[in-house]
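One rule links them: number in the working numbering = place in the sequence shown (from 1) + 1.
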Amino acid sequence: MVNDLSGSDGFAPIVSEQAKVLILGTMPGAASLLKQQYYGHPRNAFWPIMAALFGAHVELDYQQRKEVLIDNGIAVWDVLQYCRRPGSLDANIDMASIRVNDFVGLFTRYPLITQVFFNGATAEKMYKRHVQAMLDNYFPNIEYRRLPSTSPAYASLRLAQKMEAWRVIKESMLK
2 MVNDLSGSDG
12 FAPIVSEQAK
22 VLILGTMPGA
32 ASLLKQQYYG
42 HPRNAFWPIM
52 AALFGAHVEL
62 DYQQRKEVLI
72 DNGIAVWDVL
82 QYCRRPGSLD
92 ANIDMASIRV
102 NDFVGLFTRY
112 PLITQVFFNG
122 ATAEKMYKRH
132 VQAMLDNYFP
142 NIEYRRLPST
152 SPAYASLRLA
162 QKMEAWRVIK
172 ESMLK
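What follows is the structure in structure tokens.
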């Protein structure tokens, strides 16, 4: 469904039993919803960063890129399962319309996930406001860290700067 006033549903997670890291966005934008792919906007830096870190090259088809992430213990999801938002900007999300994803279910089913990396400040803010308080008693060992948004709307950092910041994911998996 396209991001319009009627609202949009998010995607199922990219995840496997071996996932150790969860990358959380806010909600797929219009281009992603049309393509039915996480980070589907051609100028989003997510896939170029995943290519540099894990070999999920943009030349691979979407299914192959997902498999590269899975093979590297990376899960991808969004904080929101549903929202109304005209356009793709997180700032335009109708807060009265949001429904969050089932994180209790996710972390119960995939207990090796111990690190969550937020793709931008809005994902972190939504998670902390609507999710984290109900999880802390059940999953106290999960570590959280915000990374710069890969969105083309977040233009204050160049791709190389975003890539450098995102290296922390790969480094954290080597511990």
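We put the beta carbon where it would ideally sit given N, CA and C, even for glycine.
None of these values were measured; they are calculated from a predicted model.
When the options are compared against residue i, the one with the closest alpha-carbon
{"i": "Phe38", "options": "Phe12, Val101, His131", "result": "Inspection of the sequence shows that residue 38 is occupied by Gln rather than by Phe. Checking every option, the nearest Cα to that of Gln38 belongs to Phe12."}
{"i": "Pro14", "options": "Lys171, His42, Phe104, Pro43", "result": "Phe104"}
{"i": "Val16", "options": "Arg130, Arg66, Arg44, Ser152", "result": "Arg66"}
{"i": "Leu175", "options": "Lys129, Asn102, Gly74", "result": "Gly74"}
{"i": "Ile71", "options": "Gly106, Thr27, Leu23, Asp79", "result": "Leu23"}
{"i": "Pro153", "options": "Ala32, Val101, Asp10", "result": "Ala32"}
{"i": "Pro54", "options": "Lys126, Val69, Gly26", "result": "The identity of residue 54 in the sequence shown is Leu, whereas the question assumes Pro. Ranking the options by Cα distance to Leu54, first place goes to Val69."}
{"i": "Arg147", "options": "Met127, Phe119, Tyr139, Leu158", "result": "Phe119"}
{"i": "Ala122", "options": "Ser150, Pro49, Ala76", "result": "Ser150"}
{"i": "Glu172", "options": "Arg100, Gln116, Ala156", "result": "Gln116"}
{"i": "Gln64", "options": "Met28, Lys36, Asn142, Ala156", "result": "Lys36"}
{"i": "Leu158", "options": "Glu18, Met28, Asn45, Ser9", "result": "Asn45"}
{"i": "Ile99", "options": "Asp79, Tyr111, Asp62", "result": "Asp79"}
{"i": "Tyr155", "options": "Phe140, Phe47, Ala76", "result": "Phe47"}
{"i": "Met28", "options": "Tyr139, Ile50, Arg86, Glu18", "result": "Arg86"}
{"i": "His131", "options": "Asn102, Tyr145, His42", "result": "Asn102"}
{"i": "Ile143", "options": "Ile170, Phe108, Leu34", "result": "Phe108"}
{"i": "His42", "options": "Ile50, Ala52, Gly30, Met51", "result": "Gly30"}
{"i": "Val77", "options": "Pro141, Tyr145, Leu34, Tyr40", "result": "Tyr40"}
Sheet register partners of residue i (DSSP bridge)
{"i": "Leu1", "result": "No answer is possible for residue 1: the residues shown for the chain start at 2 and end at 176."}
{"i": "Gly26", "result": "Asp79"}
{"i": "Ile15", "result": "Val77"}
{"i": "Ser33", "result": "According to DSSP, Ser33 bridges with nothing at all."}
{"i": "Ser173", "result": "According to DSSP, Ser173 bridges with nothing at all."}
{"i": "Asp10", "result": "Tyr83"}
Cβ-Cβ separation, residue j to residue i (assumed contact under 8 Å), whole Å
{"i": "Leu113", "j": "Ala20", "result": "6 Å"}
{"i": "Ala124", "j": "Gly26", "result": "5 Å"}
{"i": "Glu18", "j": "Tyr111", "result": "7 Å"}
{"i": "Tyr128", "j": "Asp10", "result": "That pair is no contact at about 18 Å."}
> Fully enclosed by the region 95-156, which alpha helix (DSSP H) runs are 4 residues long or longer?
Replying inline: The region 95-156 contains these whole alpha helix (DSSP H) runs: 104-110, 122-131, 133-136.
>> With three or more C-beta pairs closer than 8 Å as the rule, is the region 127-140 touching the region 158-168?
In response: Judged by Cβ distances under 8 Å, the region 158-168 makes no contact with the region 127-140, as fewer than three pairs qualify.
>> Whether or not the region 155-163 and the region 56-65 are in contact is what I'm after, with contact meaning three or more pairs of Cβ atoms, one per stretch, closer than 8 Å; do they touch?
In response: Short answer: they don't touch.
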